[in-house]
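Here my numbering is used: the first residue of the sequence shown is 391, the next is one more, and so on.
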Amino acid sequence: MKKENVVKDKSFAFAIRIVNLFKLLRERKEFVLSKQLLRSGTAIGALVRESEHAQSRADFINKLSIALKEANETEYWILLLRRTDYISQMKFDSIVQDCRAVVRILISIVRTSKLNING
């Protein structure tokens with residue numbers, strides 16, 4: 391039986407939402423912000439996947455810390471897209487909630503991993 395990996399599953403599902411939002415923004419002729427969103431929003435899941443084969447505990451923490459930074463940056467782009475009326479309040483509320491959920495999970499994993507390495 392395959393073990394559930396919440397952060398892997400949520401970050402992948404979030405990346406799919408980001409790609410779909412990117413496509414919508416491109417249709418609306420928004421090219422700069424959408425590219426930034428696509429880069430940071432899909433990097434989260436890629437870094438989570440990289441962390442699965444980290445060379446050490448420190449490497450694992452580093453990869454997930456970078457994923458956390460990317461998630462935080464992604465939230466910035468989502469906020470900016472909302473405040474500039476590129477996305478509706480409803481779309482914003484839904485996607486920012488997913489982004490914040492990924493952030494919370496990553497914070498928890500990084501903190502726990504640091505405690506385990508230091509204590």
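Glycine residues also receive a C-beta, built at the ideal position from the N, C-alpha and C atoms.
Let me make sure I understand the geometry here. Which of the options has the alpha-carbon closest to that of residue i?
| i | options | result |
| --- | --- | --- |
| Ser503 | Ala444, Arg429, Asn462 | Ala444 |
| Ser441 | Ile451, Gln426, Ala433 | Ile451 |
| Leu458 | Leu496, Phe404, Ile406 | Leu496 |
| Glu417 | Asp488, Tyr476, Ser484 | Tyr476 |
| Asp488 | Ile408, Asn395, Ile456 | Ile408 |
| Gln426 | Ser478, Gln479, Leu471, Ser498 | Leu471 |
What do you reckon, are the CB atoms on residue i and residue j nearer than 8 Å?
| i | j | result |
| --- | --- | --- |
| Val500 | Glu465 | no |
| Ala461 | Lys400 | no |
| Val486 | Val438 | no |
Give me, in chain order, the residues of the same chain whose beta-carbon lies closer than 6 Å to that of residue i; leave out the 5 immediate sequence neighbours on both sides.
| i | result |
| --- | --- |
| Lys481 | none |
| Ile456 | Leu437 |
Leaving out five residues before and five after residue i in sequence, what residues of the same chain have Cβ atoms less than 7 Å from its Cβ?
| i | result |
| --- | --- |
| Ser430 | Glu460, Glu463, Thr464, Trp467 |
| Phe402 | Gly435 |
| Ala433 | Glu460 |
| Ser424 | Phe412, Leu415, Arg416 |
Let me know if residue i comes out buried or exposed under the rule of 16 or more other beta-carbons within 10 Å of its beta-carbon.
| i | result |
| --- | --- |
| Leu469 | exposed |
| Lys413 | exposed |
| Lys453 | buried |
| Ser446 | exposed |
| Leu505 | exposed |
| Phe404 | buried |
Requested in this report: Please list the segments of the alpha helix (DSSP H) lying wholly inside the segment 416-489, counting only runs of 4 or more residues, in order along the chain.
Outcome: 422-441, 447-473
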